[in-house]
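Just so you know, we're using the numbering used here here: the sequence shown kicks off at 69 and counts up by one.
Here a beta-carbon is modelled for each residue, glycine too, at the ideal position from N, C-alpha and C.
Contents: one structure, followed by commentary.
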Amino acid sequence: MNPLRKLFPTGASTMAGEVDSLFYFLCAVSFTVALVLAVMIIFFAVRYRARAGSDLLGAKREPMRAAGVDEADVKRMEYAWIGGPLIVFLVIFYWGAKLFAAMASPPPDAMQVYIVGKQWMWKVEHPSGKREINELHVPRGQAVKLKMTSEDVIHSFSIPAFRIKQDAVPGMHIRAWFQPTETGVYELGCAELCGLGHYKMRAVVTVLSLEEYRRWLGEQSTTVASK
69 MNPLRKLFPT
79 GASTMAGEVD
89 SLFYFLCAVS
99 FTVALVLAVM
109 IIFFAVRYRA
119 RAGSDLLGAK
129 REPMRAAGVD
139 EADVKRMEYA
149 WIGGPLIVFL
159 VIFYWGAKLF
169 AAMASPPPDA
179 MQVYIVGKQW
189 MWKVEHPSGK
199 REINELHVPR
209 GQAVKLKMTS
219 EDVIHSFSIP
229 AFRIKQDAVP
239 GMHIRAWFQP
249 TETGVYELGC
259 AELCGLGHYK
269 MRAVVTVLSL
279 EEYRRWLGEQ
289 STTVASK
């Protein structure tokens, strides 16, 4: 088992692993750069520290040739210092752009669900017309395309386990999608401060097997018809 799983929410969607991989890579690059800079600072501080009797401020800088420094080596160091970080940043940019494009492009067979944010609840409508409040039932393995808006202020539809976070804006229909891979109950919340009752805007996403989801839809139809 990956020990990092204990530090972060469970990954339960097709995109969760890819988002986590990019995040871990960014953390590794940041840690490596910070470590190298710290070691260099300590090394130069010790190696070139002022000693008794030395006059560093009054000393004249000798030309590189007189000091025995090869200008070609200096140029190679400059090229490496510029080219190395540039390559790393281009990798990060390409990786992030590719992941962003994938998260913005739902599969053509995705099931569309309508989401409306309102102080302080989430209203859900399924393709069959069935509605829920502060609950969202979806089948495992089925891509779900969300069409979101808000009735009042800006809300942010967030499911940490699916690595999805998308604003719901009044007057706009904003799309997002996910494809759950594990059955279970997952937290759904608002990640945008939307008023005094922001803390109340909590819901759950229940991922069912396809058979259980169809059974749930049937039970809902019977319940609605009997009312």
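In its own chain, which residues sit with a C-beta less than 6 Å from the C-beta of residue i, not counting the 5 before and 5 after it?
i      : result
Arg199 : Glu193
Trp188 : Gly265, Lys268 and Met269
Ser294 : Its pLDDT being 35, under 50, Ser294 is placed unreliably by the model, and the measurement read from it follows with that caveat. Cβ within range, chain order: n/a, list empty.
Asn202 : Met189, Trp190 and Ala271
Gly263 : Gln187
Asp138 : none
Ile160 : none
Should residue i go down as buried or exposed, given a rule of 16 or more other Cβ atoms within 10 Å for buried?
i      : result
Ala102 : exposed
Trp149 : exposed
His241 : exposed
Glu260 : buried
Leu204 : buried
Met216 : buried
Cys95  : exposed
Ala165 : exposed
Ser218 : buried
Ala30  : A query on residue 30 cannot be resolved here, the shown segment of the chain reaching from 69 to 295 and no further.
Val142 : exposed
Val114 : exposed
Phe225 : buried
Val104 : exposed
Met273 : Note that residue 273 is Val in the sequence shown, not Met. Flag for Val273 reads buried.
So residue i and residue j are in contact, right, with Cβ under 8 Å, and what is the actual spacing, rounded?
i      : j      : result
Ala271 : Leu256 : 4 Å
Thr82  : Thr249 : 6 Å
His206 : Val212 : One point to set straight first is that residue 206 is Val, not His, in the sequence displayed. Contact flag correct, Cβ pair sits at about 5 Å.
Trp163 : Leu90  : 6 Å
Candidates the options: which alpha carbon is nearest residue i's?
i      : options                           : result
Ser173 : Ile222, Gln247, Ala113 and Gly79  : Gln247
Leu214 : Ile232, Ile201 and Trp245         : Trp245
His223 : Arg243, Ala211, Thr251 and Lys186 : Lys186
Gly239 : Glu280, Glu250 and Val184         : Val184
Leu276 : Met108, Tyr254 and Glu146         : Tyr254
Gly197 : Val212, Val181 and Trp190         : Val181
Asp177 : Trp163, Lys166, Pro195 and Ile160 : Pro195
Arg208 : Ala170, Tyr281, Trp163 and Asp220 : Tyr281
Ala80  : Gln210, Glu219 and Asp220         : Gln210
Leu167 : Asp88, Glu219 and Gly152          : Asp88
Val97  : Gly252, Gly152 and Gln234         : Gly152
Pro175 : Leu278, Arg243 and Ile160         : Arg243
Glu279 : Gly263, Cys258, Cys262 and Thr251 : Thr251
Under 8 Å between C-beta atoms, does residue i make it to chain D?
i      : result
Asn202 : Given the protein chain composition of this structure (a single chain), no chain D is represented.
Which residues in the same chain have their Cβ closer than 7 Å to the Cβ of residue i, if we skip the five residues on either side of it in sequence?
i      : result
Thr78  : Ala229
Thr290 : Caution is warranted here: a pLDDT of 42 is assigned to Thr290, below 50, making its placement in the model unreliable, and no coordinate value can be reported.
Met171 : Met83
Leu285 : Ser196 and Lys198
Which residues in the same chain as residue i place their Cβ atom closer than 8 Å to its Cβ, once the five residues preceding and following it in sequence are excluded?
i     : result
Glu86 : Leu167 and Ala170
Segment contact, 8 Å Cβ cut-off, at least three pairs: the region 216-235 with the region 156-163: Cβ pair count under 8 Å is below three, so no.
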